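Numbering (the working numbering), first residue to last: 19 to 404.
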């Protein structure tokens, strides 16, 4: 069984440097605003959504120090009061303990079902807050204000929310769409280099899974995207959001084509679990290695022509991303242990692993008939090369 990728588009509107991409989900359709200096406009953009001029902002300690004051000022300028909830930074906050604390704080702040919660932060905050919103009072509304490249191009759009458990990543969660995404690209200037590079893995993913022309454009412009907040960065983020929006509109609950967005993630999530969701390997780095493995494995299976993986790996390495298991510090489980982590993948069906494989750059497809022994043998070779 397979679902092929193709170049996608979604409705957009542009005003100056800003662009609005619509996620078309009927009466739950919502805008994704992309561009510079949007945080200063948060109040005017958010106010029309609110049933009353009151909200709660959930963020982490790092983001709060950088961006919270400006968001509060923008909200206050339009008469919106905001409760603030701050959690520790990092993947460890995608936990039951953090979820309980956020829900308790939101209830303590008297957030009602018709109110909105604002998630100000990266993918961890977006996933945690989105899940809290999904279950609080059986569902309150929320707004994503992503502050990392990874969150702006991927996790903030599409309604996937959740937390991690010892069995694997994002295994407890819900589909819960935001009412708006506010992707201020100028916020990315505050990202550490490692975080920006990790987010770039999700950018190039869109080219690799279904848009070879975008991959070639990235090959020519990745330095400009990283260097400063300018037209190349705006275009890259908006292109990813258009692709994500179109796929989500077609397959909201990941029953088919949306699974293509997990290119590199079956391998990557297993590696994150194997490294304890720690700073040894952050999500985008795991995805980069996972994509390299997916292309190498596809070559091994004879699905794509020799040299395809080399081209992908060259690009990932050029932007400073890891591409091999040998670049992960510390020990890893053996091949059988890594496959065991993969079996906890949410996309597994009847105990069979689901892989996103490729026939070439921009030609990804979903496969549910990969032999487990072939995966284990491939990983054993990769581990032996460390």
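Ideal Cβ positions, reconstructed from N, Cα and C, are used throughout, including at glycine. Note that the structure is predicted; figures quoted are calculated from it, not measured.
Taking the continuous alpha helix (DSSP H) assigned at residue i, which residues delimit it?
i	result
residue 315	301 to 318
residue 240	230 to 245
residue 334	326 to 336
residue 153	141 to 153
residue 249	249 to 268
residue 362	Premise fails: residue 362 is in no alpha helix (DSSP H) and is neither H nor E.
residue 284	283 to 292
residue 118	114 to 126
residue 89	87 to 95
residue 82	Counting along the chain, residue 82 falls outside any alpha helix (DSSP H), and DSSP gives it neither H nor E.
residue 130	From DSSP, residue 130 is part of no alpha helix (DSSP H); its letter is neither H nor E.
residue 274	Neither: residue 274 is in no alpha helix (DSSP H) and is coded neither H nor E.
residue 62	60 to 64
Using the C-alpha atoms, what's the distance from residue j back to residue i?
i	j	result
residue 39	residue 402	45 Å
residue 53	residue 399	44 Å
residue 153	residue 74	16 Å
residue 252	residue 79	27 Å
residue 184	residue 35	43 Å
residue 395	residue 46	45 Å
residue 19	residue 341	Confidence at residue 19 is low in this model, with a pLDDT of 42, below 50, so its placement is unreliable and the value that follows should be read with caution. Approximately 28 Å between the Cα atoms of the pair.
residue 263	residue 63	20 Å
residue 163	residue 105	16 Å
residue 69	residue 237	45 Å
residue 58	residue 121	27 Å
residue 16	residue 166	For the chain, the structure presents residues 19 to 404; residue 16 sits outside this window and is missing.
residue 405	residue 228	Within the shown structure, residues of the chain are numbered from 19 to 404, placing residue 405 beyond reach of any answer.
residue 12	residue 91	Within the shown structure, residues of the chain are numbered from 19 to 404, placing residue 12 beyond reach of any answer.
residue 230	residue 323	15 Å
residue 37	residue 89	20 Å
residue 351	residue 223	26 Å
residue 186	residue 363	7 Å
residue 189	residue 266	20 Å
residue 25	residue 170	With a pLDDT of 48 at residue 25, under the threshold of 50, the modelled position of this residue cannot be trusted; read the value that follows with caution. Whole-angstrom Cα-Cα distance: 20 Å.
residue 304	residue 110	16 Å
residue 328	residue 380	15 Å
residue 393	residue 337	28 Å
residue 300	residue 100	31 Å
residue 389	residue 358	14 Å
residue 215	residue 124	33 Å
residue 250	residue 50	18 Å
residue 271	residue 193	7 Å
residue 325	residue 142	35 Å
residue 353	residue 291	14 Å
residue 232	residue 218	13 Å
residue 295	residue 330	25 Å
residue 320	residue 332	20 Å
residue 391	residue 43	40 Å
Mind checking which residues open and close the beta strand (DSSP E) that includes residue i?
i	result
residue 78	72 to 78
residue 192	186 to 193
Using DSSP's beta-bridge definition, name the partner residues of residue i.
i	result
residue 161	136 and 198
residue 181	190
residue 396	According to DSSP, residue 396 bridges with nothing at all.
residue 379	Per DSSP, none; premise fails for residue 379.
residue 373	385
residue 16	Given that the chain is displayed from residue 19 to residue 404, the structure contains no residue 16 and the question cannot be resolved.
residue 103	76
I believe residue i touches residue j by the beta-carbon criterion, under 8 Å. Please report the beta-carbon distance rounded to the nearest angstrom.
i	j	result
residue 103	residue 76	5 Å
residue 346	residue 298	7 Å
residue 112	residue 145	6 Å
residue 382	residue 226	7 Å
residue 208	residue 84	5 Å
residue 117	residue 181	6 Å
residue 404	residue 334	That pair is no contact at about 18 Å.
residue 288	residue 384	Between residue 384 and residue 288 the Cβ distance is about 17 Å, and since that is not below 8 Å, they are no contact.
residue 86	residue 138	7 Å
residue 140	residue 168	6 Å
residue 158	residue 119	Incorrect: roughly 16 Å between the Cβ atoms, too far for contact.
residue 48	residue 195	7 Å
residue 356	residue 397	5 Å
Quick one: is residue i near chain C, going by C-beta distance under 8 Å?
i	result
residue 319	Considering every chain present, this structure includes no chain C. It has just one protein chain.
| field | Inter-stretch contact (C-beta, 8 Å, three-pair minimum) for the region 95 to 110 and the region 241 to 258 | value | no
Are there three or more Cβ pairs, one per stretch, closer than 8 Å when the region 200 to 217 is compared with the region 159 to 174? yes
- Is the region 269 to 284 close to the region 308 to 323, with three or more CB pairs under 8 Å? Contact holds: three or more Cβ-Cβ distances are below 8 Å.
Check your understanding: Are the region 146 to 160 and the region 253 to 272 touching, with three or more C-beta to C-beta distances below 8 Å?
Key -> no
Query raised in the report: Do the region 315 to 326 and the region 370 to 377 meet, that is, are 3 or more Cβ pairs less than 8 Å apart?
Result: yes
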